[in-house]
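Peer 1: My structure is below; once you've seen it, I'll send some questions.
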Amino acid sequence: MLSSDPGDGFFAVSSGLAIGFAIPLIDALIVHFRFLKIAWYSLRTWRTRVRVSVSYLYRIRVDNEYLLVEGKRFDQYQPVGGVYKFHPASSGIRNEMNLLDDDLLEPDDVSEGDLRVRIPGKHLLAFVRWFESGSGRETDGWREFYEELVAPGLLPKSAFRHIKYDRVGRHYHPMRFSPWAKSQELLIADIFEILPTQPQIDELRRLKSSGDARVLWASEDQIRRRGAADGAASHTTKISQTAVWTIDTAH
Numbered sequence: 001m002l003s004s005d006p007g008d009g010f011f012a013v014s015s016g017l018a019i020g021f022a023i024p025l026i027d028a029l030i031v032h033f034r035f036l037k038i039a040w041y042s043l044r045t046w047r048t049r050v051r052v053s054v055s056y057l058y059r060i061r062v063d064n065e066y067l068l069v070e071g072k073r074f075d076q077y078q079p080v081g082g083v084y085k086f087h088p089a090s091s092g093i094r095n096e097m098n099l100l101d102d103d104l105l106e107p108d109d110v111s112e113g114d115l116r117v118r119i120p121g122k123h124l125l126a127f128v129r130w131f132e133s134g135s136g137r138e139t140d141g142w143r144e145f146y147e148e149l150v151a152p153g154l155l156p157k158s159a160f161r162h163i164k165y166d167r168v169g170r171h172y173h174p175m176r177f178s179p180w181a182k183s184q185e186l187l188i189a190d191i192f193e194i195l196p197t198q199p200q201i202d203e204l205r206r207l208k209s210s211g212d213a214r215v216l217w218a219s220e221d222q223i224r225r226r227g228a229a230d231g232a233a234s235h236t237t238k239i240s241q242t243a244v245w246t247i248d249t250a251h
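Okay, so the sequence shown: first residue is 1 according to UniProt numbering, each after it adds one.
Spelled out as structure tokens, the structure:
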């Protein structure tokens with residue numbers, strides 16, 4: 001192919017084949033690199049437990065601004081979304097991997113079944129593979145969208161009986177020691193981008209113009225600066241780090 005004339009058909013076919021083979025190869029390398037990194041985390045924490053939290057977050061963008069909602073547990077604005085849930089059928093996996101419930105948040109009806117657990121480091125890779133398989137757990141993003149936007153009346157049920165969205169990324173935050181958890185912590189988040197219909201866009205714009213304090217429409221710059229805005233007399237608005245993840249998506 002190197003000796004071919006770029007203008008002839010052979011070059012075009014050869015380069016097309018090369019690109020066709022290269023794309024899945026690159027995808028495979030990225031996936032395997034992620035698993036290698038998780039395997040390294042597992043070796044580092046083999047005899048201890050790792051706090052793992054697995055969630056999904058929405059990128060909701062209208063007119064170049066992003067919709068964020070008030071945090072329920074922290075004084076900040078954050079993306080719509082929350083932690084995935086285990087299915088009842090996953091009890092065997094939980095026992096096999098010796099998973100313990102998260103002990104940082106007071107258990108209640110809302111947190112029941114959350115995919116937020118403490119896991120022996122030696123099982124970390126197996127847990128991630130299980131999560132990526134999608135088996136035995138919630139995979140749909142409707143529940144948190146409904147609970148955070150539709151149920152409290154921010155968006156009308158009439159226009160949001162159903163939503164469409166794409167999964168545009170899966171963010172693995174590098175494992176780090178959490179003083180809060182007093183252990184190593186691994187955070188995983190799927191990033192969903194809503195694909196609104198025109199009536200849904202109209203309702204989102206109505207919400208945007210309402211000035212409702214339960215939501216914040218933030219620019220990309222304000223999100224990256226975690227709430228700071230040019231020209232503001234004081235910077236009291238706090239935006240979560242997870243909001244940045246919805247912009248900088250990574251597979």
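Cβ coordinates follow ideal geometry from the N, Cα and C atoms, glycine included.
With which residues is proline 81 paired in a DSSP beta bridge?
Peer 2: Translated into positions along the sequence shown, residue 81 becomes position 81. The identity of residue 81 in the sequence shown is glycine, whereas the question assumes proline. According to DSSP, glycine 81 bridges with Leu57.
Peer 1: At 3 residues or longer, and completely inside the stretch 148-181: list those beta strand (DSSP E) runs for me, N to C.
Peer 2: Counting only runs of 3 or more, we get 165-178.
Peer 1: Counting along the chain, where does the alpha helix (DSSP H) carrying proline 199 start and finish?
Peer 2: Mapped onto the sequence shown, residue 199 falls at position 199. 198-210 is the extent of the alpha helix (DSSP H) around proline 199.
Peer 1: Report yes if the C-beta distance between residue 252 and isoleucine 191 is below 8 Å; otherwise report no.
Peer 2: Because the chain here runs from 1 to 251, residue 252 falls outside it and cannot be looked at.
Peer 1: Cutting at 7 Å between CB atoms, please list the residues of its own chain near tyrosine 172, excluding the five before and the five after it.
Peer 2: Within the sequence shown, the letter at position 172 stands for residue 172. Correct list, in chain order: Arg34 and Ile188.
Peer 1: Identify, in the order they occur along the chain, each residue of the same chain with its Cβ nearer than 6 Å to the Cβ of valine 222, setting aside the five sequence neighbours on each side.
Peer 2: For the purposes of this step, residue 222 is taken as the residue at position 222 of the sequence shown. Checking the sequence, you will find glutamine at residue 222 rather than valine. Contacts found: Ala229.
Peer 1: Our contact map puts arginine 143 next to serine 90 with C-beta atoms below 8 Å; I'd like the distance itself, whole angstroms only.
Peer 2: In the sequence shown, the residue the question calls residue 143 occupies position 143. In the sequence shown, the residue the question calls residue 90 occupies position 90. Their Cβ separation, rounded to whole angstroms, is 16 Å, which puts arginine 143 and serine 90 out of contact at 8 Å.
Peer 1: Short check: CB of isoleucine 119 to CB of valine 54, under 8 Å?
Peer 2: For the purposes of this step, residue 119 is identified with residue 119 of the sequence shown, where counting begins at 1. For the purposes of this step, residue 54 is identified with residue 54 of the sequence shown, where counting begins at 1. Not closer than 8 Å, so no.
Peer 1: How far does the alpha helix (DSSP H) with tryptophan 130 in it reach, from first residue to last?
Peer 2: Here residue 130 is taken as the residue at index 130 of the sequence shown, counted from 1. Run containing tryptophan 130: 124-133, per the alpha helix (DSSP H) assignment.
Peer 1: Do leucine 124 and tyrosine 41 count as a contact pair if the criterion is CB distance below 8 Å?
Peer 2: Within the sequence shown, numbered from 1, the residue matching residue 41 stands at position 41. Within the sequence shown, numbered from 1, the residue matching residue 124 stands at position 124. Result yes, Cβ atoms of tyrosine 41 and leucine 124 sit closer than 8 Å.
Peer 1: Identify the residues that DSSP records as bridge partners of phenylalanine 86: which are they?
Peer 2: Looking up residue 86 in the sequence shown gives position 86. According to DSSP, phenylalanine 86 bridges with Arg137.
Peer 1: Can you tell me whether DSSP reads glutamate 112 as helix, strand or coil?
Peer 2: For the purposes of this step, residue 112 is identified with residue 112 of the sequence shown, where counting begins at 1. The answer is coil: DSSP assigns glutamate 112 none of H, G, I, E or B.
Peer 1: Does the separation of the CB atoms of tyrosine 66 and glycine 81 fall below 8 Å?
Peer 2: Within the sequence shown, numbered from 1, the residue matching residue 66 stands at position 66. Within the sequence shown, numbered from 1, the residue matching residue 81 stands at position 81. No, the Cβ-Cβ distance between tyrosine 66 and glycine 81 is not below 8 Å.
Peer 1: Starting from the C-beta of valine 150, find all residues in its chain whose C-beta is less than 7 Å away, skip the five residues before and the five after it, and write them out in chain order.
Peer 2: Along the sequence shown, read from residue 1 onward, the residue named residue 150 stands at position 150. Cβ within range, chain order: Lys157 and Phe160.
Peer 1: Helix, strand or coil: how does DSSP classify glutamine 76 here?
Peer 2: Start at 1 with the first residue of the sequence shown, and residue 76 comes out as number 76. In the structure shown, glutamine 76 sits in coil (DSSP, three-state: anything other than H, G, I, E or B).
Peer 1: Does tryptophan 46 come out as helix, strand or coil in the three-state DSSP assignment?
Peer 2: Here residue 46 is taken as the residue at index 46 of the sequence shown, counted from 1. Residue state, collapsed to three classes: coil.
Peer 1: What three-state label does DSSP hand alanine 12 in the structure shown?
Peer 2: Counting from one through the sequence shown, the residue named residue 12 turns up at place 12. At alanine 12, the pLDDT of 48 sits below 50, so the modelled position is not reliable; the number obtained from the coordinates is stated separately. Helix at alanine 12.
Peer 1: Looking at the structure shown, is serine 183 part of a helix, part of a strand, or coil, going by DSSP?
Peer 2: Within the sequence shown, residue 183 is the residue found at index 183, counting from 1. Here serine 183 sits in strand by DSSP.
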